[in-house]
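Top to bottom, those sequences are chains G and X. For the numbering used here, add 77 to where a residue sits in the first sequence, where the first one is 1. For the numbering used here, add 80 to where a residue sits in the second sequence, where the first one is 1. Each residue gets a CB set at the ideal place from its N, CA and C atoms; glycine is no exception. Below is one structure; the comments refer to it alone.
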Amino acid sequence: MKRCDGQTRRDFIRVGGLTALGLGLGNFFSIERSLAAGNQTRAAAKSCILIWLDGGPSHLDTFDPKPDAPSEVRGPFASIPTNLPGIRLNEMLTRTAGMLDRVAIIRSMTSTLGEHNLGTQYLMTGYRPTPALEYPTIGATIAHVRAAQGVLPPYIAVPDLETRDRAPVGNGYLPASTSPFSLGSDPGRPDFKVRDLDFYEGLDLEHLDRRRQFVDALDNFSRAKDASATSGSDPDLERAYNLIASPDAKTAFDLSTEPAAVRERYGIDPRRGQANSNNIGQSCLLARRLVERGVGFVTVNNTGWDVHSDLLVYKGRSAGLPDEYALIPAFDRAFSALVGDLSDRGMLDETLVVAMGEFGRTPKINTQAGRDHWPNVFSVALAGGGVAGGQVIGSSDAFGEFPADRPVTPPDLAATIFTLLGINPKMELHTSDGRPIRVAPPGATVVSELIR
Amino acid sequence: MDAHSGKTRFLAVIALTALLSMTALAQDNRVATREIVDFDNDLMPVLTKAGCNAGACHGAAIGRGGLKLSLFGGSPDADYRAIVRELEGRRVNLTRPEESLVFLKSTGASPHGGGRRLEPDGDGARLLLEWIGQGASQVAGLRVEQLEVTPSRHVANAIGQSVTVRATATFSDGSTREVTSWTIFTAEDPSAVDVDPDRAVSTVLRRGRHIVTARYLGHVVPIELVVPLSDVAVHLADEPRSNFIDELILESLAMLRVPTSPFADDRAFMRRVTLDLTGRLPETNAVAEFVADPSTGKREALVDHLLASEAFNDYWTFELAKLLRIRNTRSRRAPAVEGGALAYHEWLRRQIREGVGYDQLVRTLITAIGDAGQYGPANFYRTVQGPGLQAEFMSEVFMGARLRCANCHNHPLDRWTQDDYHGLAAIFATVDSRTIVKLNPEGEVIHPGTGTPATARIPGDRFLVDGEADGRAALADWLTEGSNPYFAKAIVNRLWSTLMGRGLVEPLDDFRVTNPATHPALLDALADDFVEHGYDLRHTLRRIALSTTYARTANATPDNANDDRFYSHALRRRLEPEVLADAISDVLGVADRYGDEPEGTRAVALVDPATRSEALDILGRCARDASCDSSTGPGGMPRTLHLFNGPLLNRRIGAPSGRLDTLIAAGTSPIDIVAEFYLAALGRHPTADEQAFWNEQLDADPSAESQREIAPAESRREILESFVWSLLVSQEFVTNH
């Protein structure tokens, strides 16, 4: 339920009360021991880049190949060894295969929601969606809990958060100011530019300042009689104004200052923003520039993973011709470049990289040579930010149908991401009517072996 | 807050303790009027609740430990065979039931990967032994007819109170059985209601209205738990009411102890109702006339006038065009049709203008045949591609139901089955939806469960028989029958949402037993009233617009400020992107241009949502390639940046012969210009405080502050431009309230 009033009652942060009833006390976070007090956990990751593979990537054709399964499960692709003995990946993940010592893969993710919107909400918020309350995405929570660093928005979506069926993933019960700043333009384009950062002809900062003060005056007059309204200035206007006022912020978005070799390392689709081009490479590069400047959470939204027919499009977009900017090769290049680049710059320890979608795909190939939705088991890849790389956590069964061991749920994953980012998963935030809600659902268990 | 939640938990402890004894009582009272324990109807729920057929256990596609059961008991016959016949009958020992493997394993007496699932001396184990002892039967043809829960609604006086629910199943042979222990109870919002699954005890943790669902086999029943929002009773008996809407809304407010806000004044009412019925701001002179009119029936007269206007036809064509996703479509299967969207849009506008009943309108769509370029309704079959998506689209739009999940499996939480999904798809498979939409009787879809062509079916109702050549006619008959449980409710809920800011069922396309309306009786009454009045959209809109509920101010009082769904005050809602774009143009007196459309074309009148317009993109219009119900648009930072630095406002505020330019040229005093804009944008005059504020701003000389040389006339114009800009960005302008 969207509210019109924007900012709600000021939320304040509190340590979750540890009471005995109703809380799964069986699993207490190992991290908890080092928690002297408060919600800060450890020398935590400063930022998180979520590479969202929208539509639901096939676990069997990426991180969890089943080379020994019958062909209708195994699929059309081969698998390759990696630099982790005994661990194989899909043949297209060549670069990632060479750096698995820095990556952790969870092969036993399990969810119950096999529909795009519900699955997207579940994975992005950690909470099972309910009509009773909209939960914030992990990024919105980070934006809310962390003090913003400078004028750049604390949570940015590259290029936007438009998912397969337009899942309502936003600020949830948190103030509207925690919803992501969507760039709205494609970093893969040659003329990429965040629009409307430059003044309209004839205007300057002084005009803009006067205008926003006028809006505040109008809003205060009109809501004086409404007990549900909040006072104060429009946070949207304030943030936009501050961004426009800062020349430094603008350079953050300027990809042209990157050396050509770096841009090439992440991958530039020669279609450059035209129809069906894949912008994951330049989006990941932009994400790196943003976290370098203190942005706490960046979602890179890579669409097109809902492949119900013809799995060969993973490898080539037109007529099955291999194409290095088809879904999987382009992901492989961008993901490995991001992890490698962060590592080269000494930023990997402070930057958590997560690659996932809303569910996996059916183990058995369907009549259209594709795979349908399959939430029962799927894979997530994580690197940096305190993640203990070089391991595979959990496994799926012989045909990739269900977790064989160590099932990890979306709440568990959210709790783990929060922990890596230095936020106690039991920290409570408050809805506009004062209800305490934990950042991760009660009962969520941190995947402790994932944390170094 | 800490003390508060601590107290809650303390009360919960008391509740649980108190309930232990009550549960024992309930067990003693267990009545099984049918002697024979049946596998499908009695035992299966035990296995389900114990988790035996879950996906991680024997419900896995390849089973576990050699035993394979269907997921959540979807195929009882196969499960019966697996348990009773396989493994040479060792799983079930008819002569010595307690030596049956199914008993030994489930109670953990012999090694079992899943551990102990049933307590050896518990009800589940007892029922299992009873079933085996009676010969492990599967009673042919027996099924659950009804699941009844008592209470189905409970009003608690305070947070922390608990209620014990009893569930009773009625079977097709007339027998009943208490099934509380095997019914699965789930709180819709676990942070609001704590459900103890073993004892069927629900403890309310928060004020408000909450839902717990009870599920037994395929039957799902909601239980409503209410804790009033305040401890102080409210007296609403004397509140004015104009029709059944007000009776039901006031009844629920009284029960929830939420006081009402007062009524909106004439100006606020006029702006609100004009925006709701025509998508436009009221004309400034019409506002003055309306306020000056002393007659008592003037609100009725205004509503009738608006309902009869061309602006109403434009706006409600737009609203329904969004629902039907009218746009230029093209795909591999169905190439673009020249003029298709236009023909569709014109047809729809004609239906609205002529007041054609919604039942007739939908019947025409469902049975459409013809050239999509000429005959508008034929484009209904070109909106989405393929019979499966057509089934999803039809059910979402006309039934408010999401069939999607039933494509792959019978849904444990909803009533829709794979037979429903593929049966409905089978009806649409007989439509050839290329340029000329025509029947293709050979068309079929394969039911993934059987691997054979699906039998055409009215969802949730019946299979079609061979004689029914065009299943679409049967579908249309069923939908538009007065007793149809979905059709009228789905549309009146949308009308309600448009005028009231929130659907009685939310999301609008998610009608489900487990997602009941906030006011079920009101939804029923609105639907019945709609049907009785010939499915007339104007009738229901008029009903709502003339209710006293609609007439309340949007200003909350301190005592109802937290109410966002019980209608104690009007809800503020953002103007839709197209309506906002038109309102901006109207206030500025400068039209925007949309693609190659003629100058003066309004945004709500655009046929194709892909018509080029940066303004509509930035304001977040719905592209109509997916449902517009959940469309949020960009909003936020990009929108705000654009308002500051983009052309949407800046290009037009001071444009020659616009409202501002014209007023300045006519020598109107600055404070009168402010008043003119207030009237145009907000439908009201500035208050004394506002007047004082603007006088002060207009008198101040910004050149003094900024050390710049600006002639007074020019600086005043700048301030007026900034005033107009801020007016169009203010909350009061961008919302309907």
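- With the criterion set as a beta carbon lying under 9 angstroms from some beta carbon of chain X, the members of the region 283 to 309 of chain G are Glu283, His284, Leu285, Arg287, Arg288, Arg289, Gln290, Phe291, Val292, Asp293, Ala294, Leu295, Asp296, Phe298, Ser299, Arg300, Ala301, Lys302, Asp303, Ala304, Ser305, Ala306, in sequence order.
- Taking 8 angstroms as the cut-off, the beta carbon of Leu332 of chain G is found closer than this to the beta carbon of Phe269 of chain G.
- Contact check for Ile239 of chain X and Arg279 of chain X: beta-carbon distance about 20 angstroms, past the 8 angstroms limit, so the pair fails to qualify.
- With contacts defined by Cβ atoms closer than 8 angstroms, Ile494 of chain G and Ile164 of chain G do not form a contacting pair.
- In terms of Cα proximity to Val284 of chain X, the closest of X:Tyr758, X:Ser341, X:Glu304, X:Asn564 is X:Glu304.
- Between Ser456 of chain G and Asp138 of chain G, the CB-CB gap reaches or exceeds 8 angstroms.
- For Cys125 of chain G, the uninterrupted beta strand (DSSP E) run begins and ends at 124 to 130, by DSSP.
- Leaving aside the five residues that flank Arg394 of chain G on each side, the residues in its chain whose CB is nearer than 7 angstroms to its CB run, in chain order, Asn353, Asp400, Ala403.
- By the rule that beta-carbons nearer than 8 angstroms mark a contact, Phe724 of chain X touches chain G.
- Within chain G, the residues Glu192 have their CB atoms less than 8 angstroms from the CB of Arg484 of chain X, given in chain order.
- Residues of chain G whose Cβ lies closer than 7 angstroms to the Cβ of Ala636 of chain X are, in chain order, Asp303, Ala304, Ser305.
- Per DSSP, the unbroken beta strand (DSSP E) holding Thr428 of chain G starts and ends at 428 to 433.
- Ranked by Cα distance from Leu328 of chain X, the first of X:Pro718, X:Arg682, X:Thr629, X:Ala381 is X:Thr629.
- Boundaries of the alpha helix (DSSP H) harbouring Val222 of chain G: 215 to 222, taken from the DSSP string.
- Under DSSP, Phe543 of chain X shares a beta bridge with X:Arg537.
- Considering only X:Glu798, X:Glu770, X:Tyr424, the residue with the shortest C-alpha distance to Asp293 of chain G is X:Glu770.
- The beta carbon of Pro245 of chain G sits closer than 8 angstroms to the beta carbons of Asn194, Gln198, Glu211 from its chain, once the five residues preceding and following it are set aside; these are given in chain order.
- Setting aside the 5 residues that flank it on each side, Ala671 of chain X is surrounded in the same chain by Ser665, Glu679, Gly680, each with a C-beta closer than 7 angstroms to its C-beta; the list follows chain order.
- Interface residue (Cβ-Cβ distance to chain X less than 8 angstroms): Pro347 of chain G is not classified as such.
- The bridge partners DSSP lists for His138 of chain X come to none.
- In this structure, the straight-line span from the alpha carbon of Gly247 of chain G to that of Leu519 of chain X is close to 44 angstroms.
- Interface residue (Cβ-Cβ distance to chain G less than 8 angstroms): Gly377 of chain X is not classified as such.
- Cβ neighbours of Arg462 of chain X within its own chain (closer than 6 angstroms, five residues either side excluded): Thr409, Ala414, Ala452, Ser513.
- Contact annotation for Gln454 of chain X against chain G: no contact, minimum CB-CB distance about 30 angstroms [criterion: below 9 angstroms].
- Sequence-distant partners of Glu210 of chain X (beyond 5 residues in either direction) whose C-beta falls short of 7 angstroms from its own C-beta, in its chain, are Val117.
- Inter-residue distance for Arg484 of chain X and Phe543 of chain X is about 19 angstroms (C-alpha atoms, whole angstroms).
- Within chain X, the residues whose beta carbon sits less than 7 angstroms from that of Asn453 of chain G are Gly135, listed in sequence order.
- For Glu268 of chain X, the closest Cβ of chain G is nearer than 8 angstroms.
- Chain-ordered listing is empty here: chain G has no CB closer than 8 angstroms to the CB of Val281 of chain X, the nearest sitting near 13 angstroms.
- Taking every protein chain shown into account, the CB of Val312 of chain X has fewer than 16 other CB atoms within 10 angstroms, so this residue is exposed.
- Rounded to the nearest angstrom, the Cβ distance from Gly468 of chain X to Asn487 of chain X is 6 angstroms, consistent with a contact under 8 angstroms.
- Counting only the Cα atoms, Leu723 of chain X lies some 23 angstroms from Leu778 of chain X.
- Listed along chain X are Ser271, Arg286, each with a C-beta nearer than 8 angstroms to that of Arg512 of chain G.
- Taking 8 angstroms as the threshold, the shortest C-beta distance from Arg366 of chain G to chain X does not fall below it.
- Residue X:Ala536 holds the alpha-carbon nearest to the alpha-carbon of Gly523 of chain X among X:Ala536, X:Thr530, X:Ile516.
- Put simply, the CB of Ser332 of chain X is far from chain G, with every gap to its CB atoms at 8 angstroms or more.
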